[in-house]
Amino acid sequence: MACMAAGAEAAPLLFRRRLAPSPVAARRRLLVSCRARRRGLRTAAELPRKSTSNDKHHNRVNMQRDEASVSSDKERQEKYGDENGISNLQLEDLIQMIQNTEKNIMLLNQARLQALEHVETVLKEKEDLQRKLKILETRLSETDARLKLSAEGQFGTEINDSLPVLELDDIKEENMLLKDDIQFLKTMLIEVAETENSIFTLEKERALLDASLRELESRFIDAQADMLKSDPRQYDAWWEKVENLGDLLETATNKVENAAMVLGRNHDLEDKVDKLEASLAEANISKFSCYFVDLLQEKIKSVEERFQVCNHEMHSQIELYENSIAEFHDILSKLVEETEKRSLEHSASSMPSELWSRISLLIDGWLLEKRISYNDANTLREMVRKRDSCLREAYLSCRGMKDREIVDNFLKITLPGTSSGLHIIHIAAEMAPVAKVGGLADVISGLGKALQKKGHLVEIILPKYDCMQNDQVNNLKVLDVVVQSYFEGNLFNNKIWTGTVEGLPVYFIEPQHPAKFFWRAQYYGEHDDFKRFAYFSRAALELLYQSQKKIDIIHCHDWQTAFVAPLYWEAYANLGFNSARICFTCHNFEYQGAAPAQDLACCGLDVQQLDREDRMRDNSHGRINVVKGAIVYSNIVTTVSPTYALEVRSEGGRGLQDSLKLHSRKFVGILNGIDTDTWNPSTDRHLKVQYNANDLQGKAANKAALRKQLNLSSTNASQPLVGCITRLVPQKGVHLIRHAIYKTAELGGQFVLLGSSPVPHIQREFEGIADHFQNNNNIRLLLKYDDSLSHWIYAASDMFIVPSMFEPCGLTQMIAMRYGSVPIVRKTGGLNDSVFDFDDETIPKELRNGFTFVHPDEKALSGAMERAFNYYNRKPEVWKQLVQKDMRIDFSWASSASQYEDIYQRAVARARAAA
Ligand SMILES: Nc1ncnc2c1ncn2[C@@H]1O[C@H](COP(=O)(O)OP(=O)(O)O)[C@@H](O)[C@H]1O
8 MACMAAGAEA APLLFRRRLA PSPVAARRRL LVSCRARRRG LRTAAELPRK
58 STSNDKHHNR VNMQRDEASV SSDKERQEKY GDENGISNLQ LEDLIQMIQN
108 TEKNIMLLNQ ARLQALEHVE TVLKEKEDLQ RKLKILETRL SETDARLKLS
158 AEGQFGTEIN DSLPVLELDD IKEENMLLKD DIQFLKTMLI EVAETENSIF
208 TLEKERALLD ASLRELESRF IDAQADMLKS DPRQYDAWWE KVENLGDLLE
258 TATNKVENAA MVLGRNHDLE DKVDKLEASL AEANISKFSC YFVDLLQEKI
308 KSVEERFQVC NHEMHSQIEL YENSIAEFHD ILSKLVEETE KRSLEHSASS
358 MPSELWSRIS LLIDGWLLEK RISYNDANTL REMVRKRDSC LREAYLSCRG
408 MKDREIVDNF LKITLPGTSS GLHIIHIAAE MAPVAKVGGL ADVISGLGKA
458 LQKKGHLVEI ILPKYDCMQN DQVNNLKVLD VVVQSYFEGN LFNNKIWTGT
508 VEGLPVYFIE PQHPAKFFWR AQYYGEHDDF KRFAYFSRAA LELLYQSQKK
558 IDIIHCHDWQ TAFVAPLYWE AYANLGFNSA RICFTCHNFE YQGAAPAQDL
608 ACCGLDVQQL DREDRMRDNS HGRINVVKGA IVYSNIVTTV SPTYALEVRS
658 EGGRGLQDSL KLHSRKFVGI LNGIDTDTWN PSTDRHLKVQ YNANDLQGKA
708 ANKAALRKQL NLSSTNASQP LVGCITRLVP QKGVHLIRHA IYKTAELGGQ
758 FVLLGSSPVP HIQREFEGIA DHFQNNNNIR LLLKYDDSLS HWIYAASDMF
808 IVPSMFEPCG LTQMIAMRYG SVPIVRKTGG LNDSVFDFDD ETIPKELRNG
858 FTFVHPDEKA LSGAMERAFN YYNRKPEVWK QLVQKDMRID FSWASSASQY
908 EDIYQRAVAR ARAAA
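Numbering (the numbering used here), first residue to last: 8 to 922.
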């Protein structure tokens, strides 16, 4: 038995599974099965079965085993390449089969011998038992016979005599024992019969094994023959290889066993893990309940927040509703007023004499009461005589007024320029959005619209550029007239186009000059800019002169149209075209239109007359200066902010400070406004989502959309985004803009620059920076002009950088504030008049709206940025309030336009008085 067990133990698994006929072998099989199960291997009898939790371990072992065999296969294949026509794999199988078969044969023989020994022993035992049984049966029958005799009586005495009572009892007892023995023997016999059956089964299995043995032997012989046939010389070598393979197999088996051991340990570990998981689950249940409470609290919080938002929304709806009711009442009362007015008007026109008589009587009464002067009474009587509509309107608007107010109302219309609005003409090189390069364009449309709203007749004259945005002009058409204008000794035809831009009437002049002045695919930067705009200025005046308009104000802007002032007074006033007063606004004293003196003659100006220190001579020898000419020849000179007006009286004047000082009585600085219709986040069609100061969610949505669009990181919604939209010229502090990019990266923010440069080396420098950051997900430089994108950047940014070296006014900081982007600016020019430091306690709190720095260096800029980032990161509530405050600041043109209106009227009044 020990030998068999040892053999079975050493045999390969394949064989061990087949050897199982005897009870011993059955036990062995059970043992093998258990071991196999322990190792995660399935016995044949167990296949197929339901997968259990251990399957994954089993599979892992099988995989390892397969890997072992695959690796040995591989090794084999590498070692013993196909040289003889038999595939290495077949050969391998064959060798393994032979090896197994040999082992099987050996073990089978051992098993057979042991089985035969066992059979002999069992047969011997059987014979002994049968003999014993026979003896016992004989003795039993004897005893039975004796008992029978005594029971029949004839042998009673004999029994009683011959057998004592004691013996009888003994016999009885012995009988009982015999019966027991018989019973035991019968059981033994049954067992023997069973053993016989197993022997029979064993024999049968032996026969089967014999048959398979024979078959294997014959295959073995065939294989040997094959091998010898194929390459007899290698036969010995193959055996060696077969032995090696056996070793390899054993190693693999050992590995599998080790793996099974490890698996067993894993199993234990798994049990432990299971237990731990169970306790973890328990722990989680309690944790979950905490988490659940947290979740609930969070939900409650979010519900509360939503409730607040709803509440807020509801309130704003109510507010809106109330506003619309108020508006409705307004409209209603206006309608009522209008109807009353109309009926009165109707009665006035149906009874004109009655109306005019009443007004006459009023005037006479005021004169007698000495409430008005004789002159004023005469002016008013004259108006009555002419049935002046202004007088009628003044009378109609007096309903419900007190006597004093009515008198003032009438007197107002006697003042020059107030009875009807002024007729104002802007002559400029830019206008938004049709022809925009910078802030000048915004001023022309913004101021123009604001003045128009105030009841003035405003018209604009622009060059007809080939590159202008024709689609921004309504009803663009060429007039059926030709306006001729002077240039370099000749008259040239000009085509006149008309159309409306932003509701303003615009004239576009298209010169029919061979130089194609405005057919250059760009607004500025041409070698003959001086001549281009000299031509345009002259043609514009010619258009006005030929149209015989009675103009009150001609407002020209920057050096490009500064020619208008000397031209008007030197060339046209003498022709009787002199009703207008000239207003010149310098938007930037850096550009003065200086040129060789003789160039001035091109537009018909007398160089000799003008090339004088007190007129148009420039500081540099032999040159004239057009801006200086405009300062000298205009009735009103303005610049675009009070601080810049101060600055240009000294260094900032770039050589014109003396002229400005000399003409300081007509020089004023008026802060630009912004066009709040164009720059309005609640209606801006360029934005992804519109928003307002009360609801900043849209701002966040624009920020998210812009980040996505520009491929910037969106992981942290509250990561601050710094914007910068500018012409990249030295004035704008390009070195500080560059520093702001790196500083933003250092402070953990994101930076978006939109800008382009007319200066080649600056453009190249920024292209380099753009390339450097092209794969950075926090910095993006967009080196182009893009109006639509500019709106989006204002809306998306949290902060806005304007680190200018000097800044006449600057619009971007105001637009930024309107869109809720807090400005970080250098305290200069218009920036100083519109941005007030949040931490500056010398400034009233309600005015503080951004972050400023004074010195034009990196340290100062860094300081302002750090302060802004600190508020943004550490005090989000304070920041939000600042954003909302900035959005509510009124940067509209309303107040600036009033200041312009005021200086226009004063100039016109002076002119009328002089006349
Ligand atoms: N690259 C650009 N793309 C779109 N708009 C721009 C660009 N650069 C500047 N702008 C716009 O031009 C105007 C600049 O006005 P301002 O701040 O007065 O500067 P400046 O007139 O000196 O250029 C703003 O309306 C700004 O949005």
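The C-beta atom is built at its ideal place from N, Cα and C for all residues, glycine as well.
If you count every other CB in all the chains shown that lies within 10 Å of the CB of residue i, and 16 or more means buried, which is it?
i	result
P518	buried
S720	exposed
V485	exposed
G163	Its pLDDT being 41, under 50, G163 is placed unreliably in this model, and the value from its coordinates should be taken loosely. Result: exposed.
L368	exposed
A33	Residue placement at A33 is flagged as unreliable, the pLDDT there being 40, under the threshold of 50; the coordinate-derived value follows with that caveat. Exposed: under 16 other Cβ atoms inside 10 Å.
F191	exposed
R46	Note that R46 scores 39 on pLDDT, short of 50, meaning its location in the model is unreliable; the coordinates nonetheless yield the value given after this. Buried: at least 16 other Cβ atoms inside 10 Å.
Y698	buried
L526	One detail in the question is off: residue 526 reads as Trp in this sequence, not Leu. Exposed, since its Cβ has fewer than 16 Cβ neighbours within 10 Å.
D176	exposed
R919	exposed
T108	buried
M321	exposed
R221	exposed
I325	exposed
K750	buried
F515	buried
With distances taken between CB atoms, is the gap from residue i to residue j smaller than 8 Å?
i	j	result
I561	Y575	yes
A777	L713	no
A700	Q891	yes
S797	I732	yes
T507	N482	yes
K739	S689	no
I366	V391	yes
V489	N500	yes
F596	R661	yes
G462	G428	yes
W566	Y598	yes
S492	E437	no
P767	V736	no
G611	R545	yes
Y826	I431	no
A2	L868	Because residue 2 is not part of the residues shown, which for the chain are 8 to 922, the question remains open.
R895	P863	no
F845	G836	no
T859	V842	yes
A707	G676	no
G629	P649	no
M806	I769	no
F494	C609	yes
Using a threshold of 7 Å, is the CB atom of residue i nearer than that to any non-hydrogen atom of ligand 3?
i	result
Y792	Among the ligands present in this structure, namely ligand 1, ligand 3 is not found.
Inset, instruction - Report the residue ranges of all alpha helix (DSSP H) runs contained in full by the segment 788-824; include only those spanning at least 4 residues, in chain order. - result: 794-803
Inset, instruction - Kindly confirm or deny that the segment 570-585 and the segment 540-548 touch, where touching means at least three C-beta pairs closer than 8 Å. - result: yes
Inset, instruction - Take every Cβ of the segment 670-684, pair it with every Cβ of the segment 444-455, and state whether three or more of those distances are shorter than 8 Å. - result: The segment 670-684, when compared against the segment 444-455, does touch it at the 8 Å Cβ threshold.
Legend entry - Cβ contact (3+ pairs, closer than 8 Å) linking the segment 638-645 and the segment 582-591: By the Cβ rule, the segment 638-645 counts as touching the segment 582-591, because three or more pairs are nearer than 8 Å.
Inset, instruction - Ignoring anything shorter than 4 residues or poking outside the segment 582-630, list the alpha helix (DSSP H) runs there in chain order. - result: 614-617
Legend entry - Length at least 4, wholly inside the segment 823-863: the alpha helix (DSSP H) runs in chain order: 836-841
Inset, instruction - With a floor of 3 residues, list each beta strand (DSSP E) that falls wholly inside the segment 678-759, ordered by position along the chain. - result: 728-734
Legend entry - Contact between the segment 781-790 and the segment 749-758 (3+ Cβ pairs under 8 Å): yes
Inset, instruction - Report the residue ranges of all beta strand (DSSP E) runs contained in full by the segment 411-474; include only those spanning at least 3 residues, in chain order. - result: 430-434, 464-470
Inset, instruction - Ignoring anything shorter than 4 residues or poking outside the segment 534-579, list the alpha helix (DSSP H) runs there in chain order. - result: 536-554, 565-569, 571-574
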